[in-house]
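In the numbering used here, the protein residues as written are 149 to 273.
Every residue gets a Cβ at the ideal spot worked out from N, C-alpha and C, and that includes glycine.
Predicted model, so just to flag it, every value in this text is computed and none were measured.
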Ligand SMILES: [Zn+2]
């Protein structure tokens, strides 16, 4: 019985073996510093503090996380790749495209959290 458990444990912690093809993709990503990121998330992070203040709600970290999570769950994801040079231009064009949607989602999320905050006393201090 004990031996059986041990065997299960070792198979759980075994590292995932990549095929040569998978390994090549992995290496290419690491070498070229290619990033894939969600522009909608970046915009939401930039705007959340401002909107929470404007909505005159609690701005503790718990409430900020809740607002972000609720807003991001209601928004589409928009992943883009970035090579360092293009990143800025690309992000700005997406910003214009998604800014309003993100602001509306954040405001709705603020209302939800404001109505029933999840923070505890120690979060607010
Ligand atoms: Zn709070």
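Continuous beta strand (DSSP E) stretch holding residue i: start and end
i: residue 230; result: 227-230
Candidates the options: closest to residue i by CA position
i: residue 268; options: 171, 174, 209, 204; result: 209
i: residue 242; options: 272, 226, 211, 254; result: 226
i: residue 264; options: 214, 220, 170; result: 214
i: residue 262; options: 200, 174, 169; result: 200
i: residue 230; options: 169, 187, 175; result: 187
i: residue 218; options: 171, 189, 237, 172; result: 189
i: residue 255; options: 172, 216, 184, 169; result: 216
i: residue 238; options: 249, 184, 224, 192; result: 184
i: residue 224; options: 175, 248, 212; result: 248
i: residue 259; options: 202, 246, 240; result: 202
i: residue 257; options: 228, 169, 246, 211; result: 211
Start-to-end residues for the alpha helix (DSSP H) that takes in residue i
i: residue 183; result: No alpha helix (DSSP H) contains residue 183, which is instead part of the beta strand (DSSP E) from 183-186.
i: residue 210; result: 209-222
i: residue 272; result: 269-272
Neighbour flag for residue i against chain D, beta carbons, 8 Å
i: residue 173; result: Looking for chain D here will not work: only one protein chain is present.
Cβ separation of residue i and residue j, assumed to be a contact under 8 Å, to the nearest whole Å
i: residue 222; j: residue 253; result: 5 Å
i: residue 195; j: residue 251; result: 6 Å
i: residue 192; j: residue 220; result: 6 Å
**Asked** Between the region 190-207 and the region 163-174, do at least 3 Cβ pairs fall closer than 8 Å?
**Response** no
**Message:** Please enumerate, following chain order, all residues with a beta carbon closer than 6 Å to at least one heavy atom belonging to ligand 1.
**Reply:** After applying the 6 Å Cβ criterion, the set is 206, 208, 210, 211, 265, 267, 271, 272.
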